[in-house]
Structures are given as C-alpha cells and as structure tokens.
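Since the structure comes first, as structure tokens, the remarks are kept for the end.
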Amino acid sequence: MAKVFPNLKSHYHNVILLLSCGWSCTIIMILYFETTRMPLTRNPVSKPAACINHTCAPDREPEDWFCKRYAPTVQLFLNSRNSALNANVSKWWMRLFGTHGANYTTLVGNLFQLLPDKEHNSDIHPHRCRTCAVVGNSGNLLGSRYGPLIDSKSFVMRINRGKTKGFEEDVGSKTTHRIFYPESYWNLENSTHLVYFPFKVADIEWLIRVYTMENKKNIAEKINKDKLMILHPGFMKYVHMNWTESHGNYPSTGFLTVIFALHICDEVHVFGFGATQNGSWHHYFDKSLTPYSKTNHPGHYEYETISRLHSEKKLLMYKGWT
Ligand code: C5P
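Add 4 to the 1-based position in the sequence shown for this note's numbering, that's all there is to it.
Here it is in structure tokens:
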C-alpha cells in the first residue's frame, strides 16, 4: 500500500489539515456574521427604513395636502428668548380667555426667573427612528388590548387625567410624557417629561404660584422643573389655523398633542381618539359623556384630520374596539 501510494500518509495529513481548517473557517465566518448582524437586530434606533417620513420641503411640494399645513420650523416651546408674542399670535391667544388685567410680559419674565432656561429641541432625525405613542382618553380603548403595542414605543405621551393603573392591558403602563394644564394636573409623576399647555395668561400665573406659594408645595413637588416644557402659544395658533382650519374655538389638548408629536417624533402612533357612535366624548376611565357640541373643540373635524393623516401615511391611527 505504502508503495502504491507513497505519499498516502502526508495525503491523509493534508486532508485532516484541510478539514480542520474548513471547520474553524466556518466557525470564524459564523461568528463574524453574528457579531456584525447584532447591532441591527438589537438596536431599534437603527431601523430608519421602518420609519414614516413626515417631513417635507414646502417649496418642493407646494400642493401636497400635508406640506401645505406642516410648518417644520414652527416654535414649539416657550422660553425667555422667544416669549414676546407677535401681534397675530397675541390677539388669537388672548381672545380665548382674555387677560383679566394681567400683564403677560411681566408674568412670563417672572416665570423664567423661576425655571431653568433651557432650549428644548425638536430633533427629528432622518437616521434615527424615534417612535411615539399618543394616547388620547377615548372610551374606544376599552377591550382593545393595545397595551403592549403602546408600551413598545420609545415615547408614550398621555394626556390630562389619562391613567394606566387598572387599564394596563388596553392602555399600557409606560408614560414618558404627560400633557397637562392647570385644571388637569392630577396624574403627574415627577419622573416623566411634563408638557404644559397654557391656554390663557392665567395659566402662566398658576405656574408662578405653584413655585412660589407655600400652599402649592405639594403640586410643585410633582412638577419637576427640569422636566417641564411649556408649549408656545404660537404653536396653538398654528394648529388652529393650519390643522383644524379655524374650526371650533381652539384645538383639543389631544389634537394639539398629535401635531406636537409630528414635530418631535420620527414615527407617530395614535390611540384613544374618537367619540361614541352618537358623537359623545367618552373616557376609558370614567362614565362621563360630553356631546361634541358642548365642547369648545372641533372634535369631528379633528378626528377626520387624524384619519386623513393616517391615509396620507404620516401617522398610524388605531381606532380601538368600541
Ligand atoms: O377628555 P380629555 O380632554 O382629557 O381627553 C384627552 C384627549 O383625547 C382629548 O383632548 C381629545 O383630543 C381625545 N379624546 C377623543 N375622544 C374621546 C375622548 C378624548 O378624541 N372620546
């Protein structure tokens, strides 16, 4: 045998060498692909392809329904540098509830002495996907089982008294942002971002009282100054003019939040909007029923606008169960 195949020993040796190299190469290649694949599957921010693109260049798309309304550079938050209101904004805002003799300029000056004067940016980013759930308070959430879907978003914005305890299956349990105004501050936790909607000059006064008066200390403890953002009255007017086209007296807190989310999120998911079949505003957490006609807001028009935004693929609307 050794004569017929003089190099048989070294041949076996080579085969064994090749086989073992083959195995180790395969293992090295598997390990290589696994490690390079890992960031893509584990890191949700690296999924721009899944993101809905809701930005636009109005000069390039002047006739587009969305681009005619969306103003990418609108001021979102009030701060000491942009607090002077232009005449149109001031007129629109003050007409809602009047001033009761208060001086806005003095008040806002006093307020920013009490707060850290931070610049809050709306940093929509083409290479990142910040997903947001806006959770309205509609009774259509009951039985929906949207909880896990809502909690899967990076930001979960809840409005006014919208609570989670006892309703986790349908509304989730995570809250990153709470939208509120003086009459609706009940569910604040000072660990969440707080977005304050001042509908009137008196709402600026209220915030000053919270931080200066002894008997408001318990509220001040819930409103973490470092997490507080105050919505700009100019933003409210923008939503009223551009998005609800001057229907109703002024937009609802929930609808303002939906448009706000379109400005700070890369992908917006909307839950808990919509009345009962006979047009009553109902809540998932209580038995109140208020007909749309008895509110200051154009509820029906807002619902239609959110539906249109859904069909234009600018957000995803989840219509609930009931
Ligand atoms: O009733 P409340 O204002 O606290 O609800 C928060 C928001 O949820 C509303 O401002 C409105 O935009 C939305 N909502 C709705 N349909 C309902 C109840 C609330 O669209 N039935």
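All residues carry an ideal CB built from backbone N, CA and C; glycine is no exception.
With a threshold of 8 Å between beta carbons, is residue i in contact with chain C?
{"i": "Tyr296", "result": "In the structure shown, chain C cannot be found, because there is only a single protein chain."}
With residue i as the anchor, note down where its beta strand (DSSP E) starts and where it stops.
{"i": "Leu293", "result": "Leu293 to Pro295"}
{"i": "Ser284", "result": "Ser284 to His286"}
{"i": "His197", "result": "His197 to Tyr200"}
{"i": "Val160", "result": "Phe159 to Ile163"}
{"i": "His181", "result": "His181 to Phe184"}
{"i": "Ile234", "result": "Leu232 to Ile234"}
{"i": "Leu320", "result": "Leu320 to Tyr322"}
{"i": "Val272", "result": "Glu271 to Phe275"}
With burial defined as no fewer than 16 other Cβ atoms inside 10 Å of the residue's Cβ, what is the status of residue i: buried or exposed?
{"i": "Asp174", "result": "buried"}
{"i": "Glu271", "result": "buried"}
{"i": "Pro66", "result": "exposed"}
{"i": "Ser87", "result": "buried"}
{"i": "His104", "result": "exposed"}
{"i": "Thr309", "result": "buried"}
{"i": "Ser148", "result": "buried"}
{"i": "Asn90", "result": "exposed"}
{"i": "Gly113", "result": "exposed"}
{"i": "Phe72", "result": "Inspection of the sequence shows that residue 72 is occupied by Lys rather than by Phe. Looking at its Cβ environment, which holds fewer than 16 other Cβ atoms inside 10 Å, Lys72 is exposed."}
{"i": "Asn92", "result": "exposed"}
{"i": "Lys95", "result": "exposed"}
{"i": "Thr329", "result": "The requested residue 329 is not part of the displayed model; the chain covers only 5 to 326."}
{"i": "Arg134", "result": "buried"}
{"i": "His267", "result": "buried"}
{"i": "Thr299", "result": "exposed"}
{"i": "Gly252", "result": "buried"}
{"i": "Asn219", "result": "exposed"}
{"i": "Gly283", "result": "exposed"}
{"i": "Leu313", "result": "buried"}
{"i": "Arg64", "result": "exposed"}
{"i": "Thr179", "result": "buried"}
{"i": "His244", "result": "buried"}
{"i": "Arg162", "result": "buried"}
{"i": "Val8", "result": "The predicted position of Val8 is uncertain, since its pLDDT is 38 and thus under 50; a value taken from the coordinates is nonetheless stated next. Label assigned to Val8: exposed."}
{"i": "His287", "result": "buried"}
{"i": "Lys2", "result": "As shown, the chain starts at 5 and ends at 326. That puts residue 2 outside it, with no answer to give."}
Can you tell which of the options has its C-alpha closest to the C-alpha of residue i?
{"i": "Leu232", "options": "His197, Met321, Gly238 and Phe239", "result": "His197"}
{"i": "Lys122", "options": "Ser315, Trp247, Asn83 and Arg99", "result": "Asn83"}
{"i": "Lys229", "options": "Met240, Thr216 and Phe239", "result": "Thr216"}
{"i": "Trp325", "options": "Leu145, Thr180 and His181", "result": "Leu145"}
{"i": "Phe101", "options": "Ser311, His124, Thr135 and Phe203", "result": "Phe203"}
{"i": "Tyr242", "options": "Thr77, Arg64 and Ser297", "result": "Thr77"}
{"i": "Glu316", "options": "Cys55, Asp68 and Leu293", "result": "Asp68"}
{"i": "Arg85", "options": "Trp97, Thr109 and Arg99", "result": "Thr109"}
Please look up how many angstroms separate the CB atoms of residue i and residue j, rounded, as I've assumed it's under 8 Å.
{"i": "His236", "j": "Leu80", "result": "6 Å"}
{"i": "Leu320", "j": "Val205", "result": "Rounded, the Cβ-Cβ distance is 37 Å, inconsistent with contact."}
{"i": "Ser142", "j": "Phe264", "result": "Contact doesn't hold; Cβ gap of about 18 Å is too wide."}
{"i": "Gly140", "j": "Asp155", "result": "No, Gly140 and Asp155 are not in contact; Cβ-Cβ is about 16 Å, not under 8 Å."}
{"i": "Phe116", "j": "Lys318", "result": "The pair is not a contact, with the Cβ atoms about 34 Å apart (cut-off 8 Å)."}
{"i": "Phe201", "j": "His181", "result": "Their Cβ separation, rounded to whole angstroms, is 12 Å, which puts Phe201 and His181 out of contact at 8 Å."}
{"i": "Asn246", "j": "Ala75", "result": "7 Å"}
{"i": "Val214", "j": "Ile227", "result": "6 Å"}
{"i": "Val199", "j": "Ile183", "result": "5 Å"}
{"i": "Cys136", "j": "His273", "result": "7 Å"}
{"i": "Tyr322", "j": "Phe289", "result": "18 Å between Cβ atoms; not a contact."}
{"i": "Val138", "j": "Thr261", "result": "5 Å"}
Could you check where the alpha helix (DSSP H) with residue i kicks off and where it finishes?
{"i": "His304", "result": "Gly303 to Ser315"}
{"i": "Glu350", "result": "The structure shown does not extend to residue 350, since the chain is modelled only from 5 through 326, so no value can be given for it."}
{"i": "Val112", "result": "Tyr108 to Leu118"}
{"i": "Val78", "result": "Element bounds for Val78: n/a, residue is neither H nor E."}
{"i": "Val93", "result": "Ala91 to Phe101"}
{"i": "Cys136", "result": "That residue, Cys136, is in no alpha helix (DSSP H); its beta strand (DSSP E) goes Thr135 to Val139."}
{"i": "Leu260", "result": "Thr257 to Ile268"}
{"i": "Glu225", "result": "Neither: Glu225 is in no alpha helix (DSSP H) and is coded neither H nor E."}
{"i": "Phe70", "result": "Trp69 to Arg73"}
{"i": "Arg213", "result": "Val205 to Thr216"}
{"i": "Asp155", "result": "Gly151 to Asp155"}
{"i": "Lys241", "result": "Pro237 to Tyr242"}
Three CB pairs or more closer than 8 Å across the region 302 to 313 and the region 256 to 268: yes
At least 3 beta-carbon pairs within less than 8 Å: the region 186 to 197 vs the region 159 to 168: yes
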